[in-house]
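>
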Amino acid sequence: MIPLSHYLILSATLFAIGAAGVFLRKNLITILLSVEIMLNAVNLTFVAFGRFAGDLDGQIITFFVMTVAAAEAAVGLALVIALFRHRESLNPDAFTSLKW
Amino acid sequence: MPETITFYLFAALAVGASVLVIGQRNPMYSVLLLIASFGALSGLYIQLDAPFVAVAQIIIYAGAIMVLFLFVVMLLNAPKEDGADWDRTHPLRQRGVTRWGTLLVALLIVQLASALMAVREYDTPVGAQSDATSVSSVADLGRSIFTRHTFAFEATSILILVAMVGAVVLARREDAQ
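Taken in order, these protein sequences are the chains called A and B.
So for the first sequence, this note's numbering puts the first residue at 49; every next one is plus one.
So for the second sequence, this note's numbering puts the first residue at 53; every next one is plus one.
1) If I'm right that VAL178(B) touches TYR55(A) with Cβ under 8 Å, what's the distance once you round it to whole angstroms?
2) Anything in chain A within Cβ reach of THR150(B), meaning under 8 Å, just list it in chain order.
3) Go through its chain and collect everything with a Cβ distance to THR61(A)'s Cβ below 7 Å, but skip five positions before and after it.
4) Going along chain B, which residues have a C-beta under 8 Å from VAL113(A)?
5) Report the residues of the segment 67-98 of chain A with a CB closer than 8 Å to any CB of chain B, ordered along the chain.
6) Considering Cα atoms alone, identify which of ALA106(B), HIS201(B), LEU164(B), PRO79(B) is closest to LEU138(A).
7) Assuming LEU100(B) contacts ARG99(A) under a Cβ cut-off of 8 Å, what Cβ separation, rounded to an integer in Å, is found between them?
8) Does the structure place the segment 202-212 of chain B close enough to the segment 87-97 of chain A that three or more beta carbon pairs sit under 8 Å?
9) Is it a yes or a no for the segment 216-224 of chain B touching the segment 123-133 of chain A, going by three-plus beta-carbon pairs under 8 Å?
10) Can you tell me whether LEU156(B) is buried or exposed? The criterion is at least 16 other CB atoms within 10 Å of its CB, across all chains shown.
11) So which of LEU85(B), ILE87(B), LEU193(B), SER182(B) has the shortest CA-CA distance to THR104(B)?
12) Name the chain B residues whose beta carbon is nearer than 7 Å to that of SER145(A)?
13) Between ARG133(A) and the ligand COA, is there a pair consisting of the residue's CB and a ligand heavy atom that are separated by less than 7 Å?
14) Which residue wins for smallest C-alpha separation from PHE63(A), given the options ASN75(A), ASN88(A), ILE77(A)?
15) Using a 10 Å radius around the Cβ and a threshold of 16 neighbouring Cβ atoms, would you call SER145(A) buried or exposed?
The structure is reproduced here in structure tokens:
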């Protein structure tokens, strides 16, 4: 059997990769994808701890995280489309002014 | 032993695909690689005796959210990230500062890993303290969602509805009215 710490380290690695993507990339769509990676890393932690404790609540929280991720992706992508219409760019540096 | 092999296989696949996701300049490849990463995570969920979460991961993430991302990438038709836009003169992007930051990040990762390794309790196998049937039953999962977690469930449905209306309003053309 795999020790719990292996799952936790894997999850921490995935979360770090997602956070690095948010800071390193200059493309709104890739930044949203990095947020999805981070949400998935947290889901893995929930399921691993739930299995460790023999409890179903970890899996249930995972479902709620998934639905919130779906809502976040829908609204985030709608915002990306609206922003792209104004500036013809996906670079976050193009959207620094509060009003145009 | 096959359990260990599949764990490291899926873990390597998930980490490798995620690294490639943030290493791509073309968001089209990023989205497709992220689907591979989610598939590997779904394999890990099966190993953790959570088959319903694994199936939901494939259906909701790979099937719905990633297709939404693909639609937007194709719709905007602006695939390449322009590297010339990097502002090299920014005070936080000087060479010494970035090297110091990289050193701190490496130190943090080593510290986190050693802290996790130091806790003896986490070294016990995930399935050692409980029976697999206590977490793998879909019937128990549904019973728990619709009894103990009814409020959260209904609140989530309202959230989805609001997000749907919000997405339609935000993405609508302003000159349409």
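C-beta atoms are modelled at their ideal positions from N, C-alpha and C, and glycine is treated no differently.
Keep in mind the model is a prediction, meaning the values are calculated, not measured.
Quick look at the numbers:
1) One-based indexing of the second sequence puts residue 178(B) at position 126. One-based indexing of the first sequence puts residue 55(A) at position 7. Between TYR55(A) and VAL178(B) the Cβ distance is about 7 Å, and since that is below 8 Å, they are a contact.
2) Within the second sequence, residue 150(B) is the residue found at index 98, counting from 1. The contacting residues do not exist; THR150(B) stays about 11 Å from chain A at best.
3) Position 13 of the first sequence, counting from 1, holds the residue named residue 61(A). Excluding positions up to five away in sequence, the list is empty.
4) In the first sequence, counting from the first residue as 1, residue 113(A) sits at position 65. The premise fails here: VAL113(A) is roughly 10 Å from chain B at the closest Cβ pair, so nothing lies under 8 Å.
5) ALA68, GLY69, LEU72, ARG73, LYS74, ASN75, ILE77, THR78, LEU80, LEU81, SER82, GLU84, ILE85, ASN88, ASN91, LEU92, VAL95, ALA96, GLY98
6) Indexing the first sequence from 1 puts residue 138(A) at position 90. The candidate whose alpha carbon is nearest that of LEU138(A) is PRO79(B).
7) What you label residue 100(B) is simply residue 48 of the second sequence in a count that begins at 1. What you label residue 99(A) is simply residue 51 of the first sequence in a count that begins at 1. That belief holds up - the Cβ atoms of LEU100(B) and ARG99(A) are roughly 5 Å apart, short of 8 Å.
8) No, the segment 87-97 of chain A is not in contact with the segment 202-212 of chain B.
9) yes
10) Translated into positions along the second sequence, residue 156(B) becomes position 104. Exposed is the label assigned to LEU156(B), since fewer than 16 other Cβ atoms lie within 10 Å of its Cβ.
11) Residue 104(B) sits at position 52 when you count from the first residue of the second sequence. What sits at residue 104(B) in the sequence shown is Phe, not Thr. PHE104(B) has its Cα closest to that of LEU193(B), out of LEU85(B), ILE87(B), LEU193(B), SER182(B).
12) Residue 145(A) sits at position 97 when you count from the first residue of the first sequence. In chain order: nothing, as chain B lies at least about 16 Å away.
13) The model on display carries no ligand, and the ligand COA is accordingly not part of it.
14) Locating residue 63(A) in the first sequence gives position 15, counting from the first residue. If we check each option's Cα against that of PHE63(A), ASN88(A) comes out closest.
15) Taking the first residue of the first sequence as position 1, residue 145(A) is located at position 97. Exposed, by the Cβ-count rule.
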